[in-house]
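One structure is given here, and the rest of the page talks about it.
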Amino acid sequence: MDEYSDDPVQLLAIARRAAVQAATLQHLTAALSSTLSEEQVGAVVLREALPAFGATAGDVVLLDDDDRTFRVLCWMGYPEHLVRSWMRYPVDTGTPGGDVVHTAGPVFLDSFREWEQHYPRVAPIIHEVQLAAYAGLPLMFGGRLRGVVSFNFPENRSFSPEERAMLLAFAAQCAQALDRARLFSAEQRARVEAESAMRAKGDFLAVMSHELRTPLTSILGYQELLADGISGPVTELQRQHLSRIEASALHLLGLIDELLTFSRLEAGHESINVEAVRVATVLDAAAALVAPLAAAKSLPVIINPVPGSGDGELSTMTDCMKLQQVLVNLLSNAIKFTEHGSVTMSAHADHSQLVIDVCDTGIGIAAEHLERIFEPFRQVEQHSTRRAGGTGLGLSVSRQLLTLLGGTLGVESTLGQGSVFSVRLPLTR
Ligand code: ADP
Numbered sequence: 365m366d367e368y369s370d371d372p373v374q375l376l377a378i379a380r381r382a383a384v385q386a387a388t389l390q391h392l393t394a395a396l397s398s399t400l401s402e403e404q405v406g407a408v409v410l411r412e413a414l415p416a417f418g419a420t421a422g423d424v425v426l427l428d429d430d431d432r433t434f435r436v437l438c439w440m441g442y443p444e445h446l447v448r449s450w451m452r453y454p455v456d457t458g459t460p461g462g463d464v465v466h467t468a469g470p471v472f473l474d475s476f477r478e479w480e481q482h483y484p485r486v487a488p489i490i491h492e493v494q495l496a497a498y499a500g501l502p503l504m505f506g507g508r509l510r511g512v513v514s515f516n517f518p519e520n521r522s523f524s525p526e527e528r529a530m531l532l533a534f535a536a537q538c539a540q541a542l543d544r545a546r547l548f549s550a551e552q553r554a555r556v557e558a559e560s561a562m563r564a565k566g567d568f569l570a571v572m573s574h575e576l577r578t579p580l581t582s583i584l585g586y587q588e589l590l591a592d593g594i595s596g597p598v599t600e601l602q603r604q605h606l607s608r609i610e611a612s613a614l615h616l617l618g619l620i621d622e623l624l625t626f627s628r629l630e631a632g633h634e635s636i637n638v639e640a641v642r643v644a645t646v647l648d649a650a651a652a653l654v655a656p657l658a659a660a661k662s663l664p665v666i667i668n669p670v671p672g673s674g675d676g677e678l679s680t681m682t683d684c685m686k687l688q689q690v691l692v693n694l695l696s697n698a699i700k701f702t703e704h705g706s707v708t709m710s711a712h713a714d715h716s717q718l719v720i721d722v723c724d725t726g727i728g729i730a731a732e733h734l735e736r737i738f739e740p741f742r743q744v745e746q747h748s749t750r751r752a753g754g755t756g757l758g759l760s761v762s763r764q765l766l767t768l769l770g771g772t773l774g775v776e777s778t779l780g781q782g783s784v785f786s787v788r789l790p791l792t793r
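This note's numbering puts the sequence shown at residues 365 to 793.
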């Protein structure tokens, strides 16, 4: 048919054909857009594309990483016994698919005669299954040719330029869908691997913390027996040494407990125990726990009087031990990073929130580090922090604990002047 005809009947037929082709392509593109795996793309080719193009057999073959072997992703319309021996085959087997790879372009065969001429090795098979015309289209994605989609037709036909363009456009859509599937499965694999690595790390931390805690508890037990004079009289010098053993062992125990809490939080195993908590009591208890640290540096820890709420003392429903653990972390840091001045703790109600500020006059934190210090194992400056000790877990654990309690942990700091860490919790009475 003359494509440039003036005949209105012919023009109408051309327009109709173009409209049908556009609709077919649109339908196939929509079907491909929801596919997430190679197999789903294959299913669309077989179930939707083959009948839409009038093919009775076809397949999708993908290249192995070495680009030398085809692996059949899906097929239809060939006898089972044939396909079984063709599930994987070398690209150089004398098939039109092989030529698609070598030329990186499509191969169209109009009749069985062309099979006999160009592909004598496989022509008998095509004859056996009574196929004739053929279209083999390259699947290009991820920057290279990765496979071939083939359509076999039961009759001889010549492919018009529009048909060729449409088949190529469909192959391009297929390639895009296969690329998406490839990225999706790579992302899934990476996620599974990351999750399993996280679990392994969590398990390791939990087991190690437990294994370290057991002998440490026994060290502390024997230290106490010795200090109590149960194994014989203790000289003053021995008592001093025993108290250093105790201080170091307790410090180690604190670090191990921090690791244990971290691994429980990571695994989502930390549970909360909500009760009515008098704010002044938690502040006092936390300050008492860090008193030896502050005394060793002759640093005053000041607790500002807690203002009462409308109907009495300031209190809220929360997990007392977890809040105390957070405050001990913040106070320990404040003491650790302050050489002169003081550490001050204060609390007040701000509308529906309880705010507890831990304020120090220490080294402060540069603006660019303010968010990063909340990441696990993150310490600002290796040298000075190493001198100060610590695991880099305290703030990460504290923030996670507060999240569990429905609260937040924020910080404001000026380098060289000091920091204020602010705990905010819902005020429920
Ligand atoms: P750790 O104290 O065990 O190193 P943290 O998570 O508690 O771990 O703190 C992370 C880092 O944040 C610290 O190493 C320190 O660099 C910085 N930091 C925390 N609190 C303060 C503070 N009050 N003043 C200055 N720097 C601080």
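Positions of the beta carbon are idealized from the N, C-alpha and C atoms, including for glycine.
- Item | Pairwise C-alpha distance: A564 and V519 | Your numbering for residue 519 matches position 155 in the sequence shown. Your numbering for residue 564 matches position 200 in the sequence shown. The sequence as given places Glu at residue 519; Val does not occur at that position. In a straight line, the C-alpha of E519 is about 60 Å away from that of A564.
- Message: Could you give the first and the last residue of the continuous beta strand (DSSP E) run that contains Q717?
- Response: Position 353 of the sequence shown, counted from the start, is the residue given in the question as residue 717. It spans Q717 to D724 - the beta strand (DSSP E) in which Q717 sits, taken as one unbroken run.
- Task: Take C438 and list the residues in its own chain whose beta-carbon comes closer than 8 Å to its own, dropping the five residues that flank it on each side.
- Result: The count along the sequence shown starts at 1 and reaches residue 438 at position 74. Contacts found: E403, G406, A407, V409, L410, D423 and V424.
- Message: Tell me whether the region 523-535 and the region 550-559 touch, counting them as touching only if at least three CB pairs, one residue from each stretch, are closer than 8 Å.
- Response: no
- Quick one: does the C-beta of G618 sit closer than 8 Å to a heavy atom of the ligand ADP? Here residue 618 refers to the residue found at position 254 when the sequence shown is read from its first residue. No, Cβ of G618 sits at least 8 Å from all heavy atoms of the ligand ADP.
- What do you reckon, are the CB atoms on K686 and L589 nearer than 9 Å? What you label residue 686 is simply residue 322 of the sequence shown in a count that begins at 1. What you label residue 589 is simply residue 225 of the sequence shown in a count that begins at 1. Not in contact: K686 and L589 (Cβ atoms no closer than 9 Å).
- Per-residue DSSP class, three states only, for H445: Counting from 1 along the sequence shown, the entry for residue 445 is found at position 81. DSSP places H445 within a helical segment (H, G or I) once states are collapsed to three.
- Message: Is S760 close to the ligand ADP? I mean its beta-carbon at under 8 Å from any heavy atom of the ligand.
- Response: One-based indexing of the sequence shown puts residue 760 at position 396. Checking the Cβ of S760 against the ligand ADP gives yes.
- With which residues is H482 paired in a DSSP beta bridge? To locate residue 482, count along the sequence shown from 1; it is residue 118. Partner(s): none; H482 has no beta bridge.
- Item | Where M562 falls, given that 16 or more other Cβ within 10 Å makes a residue buried | Walking along the sequence shown from the start, residue 562 turns up at place 198. Counting the other Cβ atoms within 10 Å of the Cβ of M562 gives fewer than 16, which makes it exposed.
- Message: With the cut-off set at 9 Å, would you say L427 and G511 are in Cβ contact?
- Response: Position 63 of the sequence shown, counted from the first residue, corresponds to residue 427. Position 147 of the sequence shown, counted from the first residue, corresponds to residue 511. Yes, these two residues count as a Cβ contact at 9 Å.
- Under a three-way DSSP split, which group does D366 fall into? In the sequence shown, counting from the first residue as 1, residue 366 sits at position 2. Any reading at D366 must be qualified, since the residue scores a pLDDT of 46, below 50, and its modelled position is unreliable; the value itself is stated next. In this structure, D366 counts as coil in the three-state DSSP scheme.
- Given that a residue counts as buried once 16 or more other Cβ atoms are within 10 Å of its Cβ, and exposed if not, what is R380? Residue mapping note: residue 380 aligns to position 16 of the sequence shown, counting from 1. By the beta-carbon neighbour count (other beta carbons within 10 angstroms, threshold 16), R380 is exposed.
- Segment limits, beta strand (DSSP E) that includes R508: Residue mapping note: residue 508 aligns to position 144 of the sequence shown, counting from 1. First-last of the beta strand (DSSP E) with R508: R508 to N516.
- Task: Compute the Euclidean distance between the alpha carbons of A539 and L509, then round it to the nearest angstrom.
- Result: Your numbering for residue 539 matches position 175 in the sequence shown. Your numbering for residue 509 matches position 145 in the sequence shown. Spanning the two alpha carbons is a distance of roughly 9 Å.
- When DSSP labels each residue in this structure, what does M451 get in the three-state scheme? Along the sequence shown, read from residue 1 onward, the residue named residue 451 stands at position 87. The answer is coil: DSSP assigns M451 none of H, G, I, E or B.
- Query: Between A496, P454 and L691, which lies nearest to L473 when the distance is taken from Cα to Cα?
  - Reply: Counted from its first residue, the sequence shown places residue 473 at position 109. Comparing alpha carbon positions, the residue from A496, P454 and L691 closest to L473 is A496.
- Quick one: give me the first and last residue of the alpha helix (DSSP H) that A564 is part of. On the sequence shown, position 200 is the one that residue 564 refers to. First-last of the alpha helix (DSSP H) with A564: P525 to A591.
- Take I583 and list the residues in its own chain whose beta-carbon comes closer than 6 Å to its own, dropping the five residues that flank it on each side. Here residue 583 refers to the residue found at position 219 when the sequence shown is read from its first residue. Cβ neighbours of I583 beyond the five flanking positions: A613.
- Outcome for N693 when other beta-carbon atoms lying within 10 angstroms are tallied against a minimum of 16: Counted from its first residue, the sequence shown places residue 693 at position 329. Residue environment: N693 is assigned as buried (16 or more neighbouring CB atoms within 10 Å of its CB, all protein chains considered).
- Just the Cα atoms here: how many angstroms apart are I737 and A660? The residue given as residue 737 occupies position 373 in the sequence shown. The residue given as residue 660 occupies position 296 in the sequence shown. Their Cα atoms are separated by approximately 25 Å.
- Nearest neighbour of E487, chosen from N516, G506, P470 and F505 [CA to CA]: Your numbering for residue 487 matches position 123 in the sequence shown. Looking at the sequence itself, residue 487 is Ala, so the reference to Glu does not match. Ranking N516, G506, P470 and F505 by Cα distance to A487 puts N516 first.
- Message: I'd like to know whether the C-beta atoms of D721 and V654 end up nearer to each other than 9 Å.
- Response: Translated into the one-based positions of the sequence shown, residue 721 becomes position 357. Translated into the one-based positions of the sequence shown, residue 654 becomes position 290. Result no, Cβ atoms of D721 and V654 do not sit closer than 9 Å.
- Heavy atom of the ligand ADP within 8 Å of I729 beta-carbon: What you label residue 729 is simply residue 365 of the sequence shown in a count that begins at 1. Correct: I729 has its Cβ closer than 8 Å to the ligand ADP.
- Message: Which complete alpha helix (DSSP H) runs does the region 614-660 hold, if anything under 4 residues is left out?
- Response: 643-660
- Are the region 412-422 and the region 446-457 touching, with three or more C-beta to C-beta distances below 8 Å? no
- G469: which of P502, A651, A731 and R577 sits nearest, CA to CA? By one-based count along the sequence shown, residue 469 stands at place 105. Among P502, A651, A731 and R577, the Cα nearest to that of G469 belongs to P502.
- Proximity winner among D714, T433 and I636, relative to S679 (alpha-carbon distances): Locating residue 679 in the sequence shown gives position 315, counting from the first residue. Looking at the Cα atoms, D714 is the closest of the given residues.
- Message: On the DSSP letters alone, give me the boundaries of the alpha helix (DSSP H) that T314 sits inside.
- Response: Past the boundaries of the shown model lies residue 314; the chain is included only from 365 to 793, so the question cannot be answered.
- Task: Please report how far the alpha carbon of A730 lies from the alpha carbon of T755, in whole angstroms.
- Result: Here the question's residue 730 lines up with position 366 in the sequence shown. Here the question's residue 755 lines up with position 391 in the sequence shown. Computed Cα separation, rounded: 20 Å.
- Message: Below 8 Å, how does it come out for the region 637-646 and the region 573-587: are there three or more Cβ pairs, yes or no?
- Response: no
- Item | Straight-line Cα distance separating P443 from I489 | Residue mapping note: residue 489 aligns to position 125 of the sequence shown, counting from 1. Residue mapping note: residue 443 aligns to position 79 of the sequence shown, counting from 1. Looking at the two C-alpha atoms, the distance is approximately 10 Å.
- Between L718 and L629, is the Cβ-Cβ spacing less than 9 Å? Numbered from 1 along the sequence shown, position 354 holds the residue referred to as residue 718. Numbered from 1 along the sequence shown, position 265 holds the residue referred to as residue 629. It is not a contact, given that the beta carbons lie outside the stated cut-off.
- Measure the C-alpha to C-alpha separation of G705 and S696 and round it to an integer number of angstroms. Reading the sequence shown from its first residue, position 341 is the one you call residue 705. Reading the sequence shown from its first residue, position 332 is the one you call residue 696. For G705 and S696, the distance between alpha carbons rounds to 15 Å.
- DSSP bridge partner residues for H466 (one or two, in chain order): The count along the sequence shown starts at 1 and reaches residue 466 at position 102. H466 is bridged by DSSP to nothing; it lacks a bridge partner.
- Message: Nearest by alpha-carbon distance to I609: which of A591, P597 and I620 is it?
- Response: Taking the sequence shown and counting its residues from 1, the one referred to as residue 609 is at position 245. Among A591, P597 and I620, the Cα nearest to that of I609 belongs to A591.
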